[in-house]
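Below is one structure, written out as structure tokens, with a few remarks after it.
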Amino acid sequence: MKTLMMTFALMGTATAQTTIEFWHTFGDPKRGNWIQARADEFNKANPSLKVVPVAKGSDNELITSTVLAARQDNPPALAQIFEGGSQLALDSGIFQPVSAIKNVDFSDYLKPVINYYTIGGKVNSVPFNTSGPVLYYNKDLMKKAGLDSSKPPTTYGGLLADCKKIQAANIGASCFGMSLNGWFIENWMAEQGQTFLNNGNGRDGRATETNLDSQAAKNIFGFFKTLQDNKYFSYTGKLEDFDGSDAIFTNQKVVYHITSTSKIGNNADAAQKAGFELGVGQLPIPDDSKRNGVVIGGASLWVAKNISKAEAEGALDFALFLTNTKNMADWHKLTGYYPARQSSIDVLKNEGWFDQAPLQLVAFNQLTKTVPSPATAGALNGAGIQTRKITEEGLQKVLNGTPVDAALKEAKTRADAALAEYNANFK
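In the working numbering, the protein residues as written are 952 to 1378.
Here you go:
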């Protein structure tokens, strides 16, 4: 009888365990294994819960799979949604604001980061992997061109002046290259105090128009026309080709390069292997602009709506554990993503991390000095995937010879139509 009672007790314990499925985009061993290790650690400390991480492909694939699973009444309890998909995640109706699950003190999360995911006064998701754009530069090639490698350009004008010297020096490399990505354009608009969308970047009300007819947008597209007209710019010819543009830089085909802070680790390794000294500087901004800071990239963790209270609370607890002070510091060291918490930055400083990895300090200062505003909070746009691609195609047309005004007019018409089509589903 005693043995039978013990068997029932053990069955009861197993039944009481709540499974938390966590879908994320990090299928590579380096980052995927780190996430699995954190889940194992969390599960050991919380025997009533079992977090099961599952890599689900790209950003777009993950959000599509999550919405489909929810419609089949089988959503993951926790999902990593990229920043540009926040409005789509909100509109899908399959998630609940994390601030509604239980009281959480988010004051330690960096303001520019938590502001992005605060919509309608509610914190909808927990920031996880966070990045920003910075300038990468080849110090050896700068010196070869007669430039001061301790003074990278901080403005469009400064970059163009360096490009002229680099071209004249005939060093066997072009001046500048980067991936054509709408996120960078949104950042440059924010640096000029201009929202990418109307209605407070979609935060005061649903966005109905882009601001691609603004002077800020013309300044950006005009900069690229000048680059192309003078043969200062190099890219792969593809849109959103982060890896390809990195390769152009690390193969020493360009002196300057702009990409995400999350690439600092990989680019530093590649620079060392290629035998040149890497520098990292602030994102160069349009002339006569007051530096406002950056619009974050990356992703956050969303909790599903129609799940049990135990699943919802367990999912949130794991999200908070994954992004606690220690884990965010470790995640940063592993990947180059910003830690989402101020306390993590303090830990890294106290450890002397920035003495060992000074390239990261520029990126941190750029983020922490960001001025909160609708522009730097980031664009909320359910059609964000489409509007970013349309904007990129517009910029590509300028590189192919289309006049700036004509390219922007067409891009605005197409992007506004995509917004209207999307919004028609939410009347």
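Glycine included, each C-beta is placed from N, C-alpha and C at the ideal position. Keep in mind that this is a model prediction, so the values were computed, not measured.
In this model, Asn1080 and Ala1250 are separated by some 5 Å (Cα to Cα). Counting only residues of its own chain and dropping the five nearest sequence neighbours on each side, Ala1219 has a CB closer than 6 Å to the CB of Leu1229. Nearest in C-alpha terms to Asn994, of all of Ala1270, Lys1340, Ile1247, is Ala1270.
Within the model, the alpha-carbon separation for Gly1071 versus Arg1154 is close to 7 Å.
Per DSSP, Gln1118 lies in no beta strand (DSSP E); the unbroken alpha helix (DSSP H) holding it starts and ends at 1107-1120. For Ala1040, the uninterrupted alpha helix (DSSP H) segment begins and ends at 1037-1043. For Ala1112, the closest alpha carbon among the candidates Phe1174, Glu1137, Leu1131 is that of Phe1174.
For Thr1161, the three-state secondary structure derived from DSSP is strand. When DSSP states are grouped into helix, strand and coil, Phe993 belongs to the helix group. Proximity to Leu1312 across Asp1268, Phe1200, Tyr1288, Asn997 peaks at Tyr1288, based on C-alpha coordinates. Selection Leu1061, Ala1124, Lys1256 evaluated against Leu1029 yields Lys1256 as nearest (Cα-Cα).
DSSP places Phe1135 in no beta strand (DSSP E) but in the uninterrupted alpha helix (DSSP H) bounded by 1133-1142. Here Glu972 carries a strand assignment [DSSP, helix/strand/coil].
For Ile1065, there is no enclosing beta strand (DSSP E); the residue is found in the alpha helix (DSSP H) stretching over 1062-1067. Counting only the Cα atoms, Gly1109 lies some 13 Å from Gly1232. Residue pairing by DSSP leaves Trp1282 without any beta bridge partner. Counting only runs of at least 4 residues, the stretch 1158-1227 fully encloses the following alpha helix (DSSP H) elements, listed from N- to C-terminal order: 1166-1180, 1193-1201, 1215-1225. Cβ atoms of Asn1138 and Glu1191 stay farther apart than 8 Å, at about 15 Å. Counting the other CB atoms within 10 Å of its CB gives Gln968 a total below 16, which places it among the exposed residues. Selection Arg1292, Ser1196, Thr1212, Lys1214 evaluated against Val1206 yields Ser1196 as nearest (Cα-Cα). Gly1153 carries a helical assignment under DSSP once its states are collapsed to helix, strand and coil. A residue is called buried once 16 or more other Cβ atoms fall within 10 Å of its Cβ, and Arg1022, having fewer, is exposed. In the three-state scheme derived from DSSP, where H, G and I count as helix and E and B as strand, Lys1363 is classed as helix.
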